[in-house]
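A.B. asks: Using the working numbering, you'd call the opening residue of the sequence shown number 9 and step up by one each time.
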Amino acid sequence: MAQEETLQLLVSMHRIVRYLRRSRTAVLHPTQFLALMLVADEQPIRIGEIAARVPCSQPTATTTVAALEEAGLVRREPDPVDGRATAVVLTEAGRTTVEDSGRQAADELTKLLHRLDDADREHVLKAGELLDRIARDL
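1) What three-state label does DSSP hand residue 88 in the structure shown?
2) In whole angstroms, give me the CA-to-CA distance for residue 24 and residue 73.
3) Please confirm whether any heavy atom of the ligand ZN lies closer than 7 angstroms to the CB of residue 56.
4) Taking the beta carbon of residue 82 as the centre, do at least 16 other beta carbons fall within 10 Å, making it buried, or is it exposed?
5) Go through its chain and collect everything with a Cβ distance to residue 143's Cβ below 7 angstroms, but skip five positions before and after it.
6) Taking the alpha-carbon positions, what's the residue 67 to residue 126 distance?
7) Does the beta-carbon distance from residue 95 to residue 61 come in below 8 angstroms?
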């Protein structure tokens, strides 16, 4: 793959993600949204791991978790592996927010994909599977 094609792919993915973030009706900051989705996928998870995976600085992760906690979307509890440490888990409100945000994003992406013909839509969905495989290794 030529560097020009790779750059175009990067720009296109960024534009689509930015569009989907702007279309969300949720009032979460993008870092809060990413952290919340990460907690949903990996809970219980330590704040240091959130910082590494979002990625953001440790102080930003701490502030982000505090804001999510204040909003009632996550709570801190003793880490099941090391009781001296703290882990972050979703609350029921957090689970609902993740589900609602996921549905909204999926609906918006579906609208975008319907601009393509069936064959092109299948190619994009297949590429999504491949990108997911890459993303899981990050």
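Beta carbons are placed, not taken as given, at the ideal position from N, Cα and C, and that holds for glycine. All figures in this text were calculated on a predicted structure; none of them were measured in a lab.
C.D. replies: Per the coordinate set shown:
1) Correct three-state label for residue 88: coil.
2) Cα-Cα distance, rounded: 26 angstroms.
3) This structure lacks the ligand ZN; in fact it carries no ligand of any kind.
4) With 16 or more other CB atoms across the displayed protein chains lying within 10 angstroms of its CB, residue 82 is buried.
5) Nothing listed; no residue qualifies.
6) Rounded to the nearest angstrom, the gap between the Cα atoms of residue 67 and residue 126 is 46 angstroms.
7) Contact: no.
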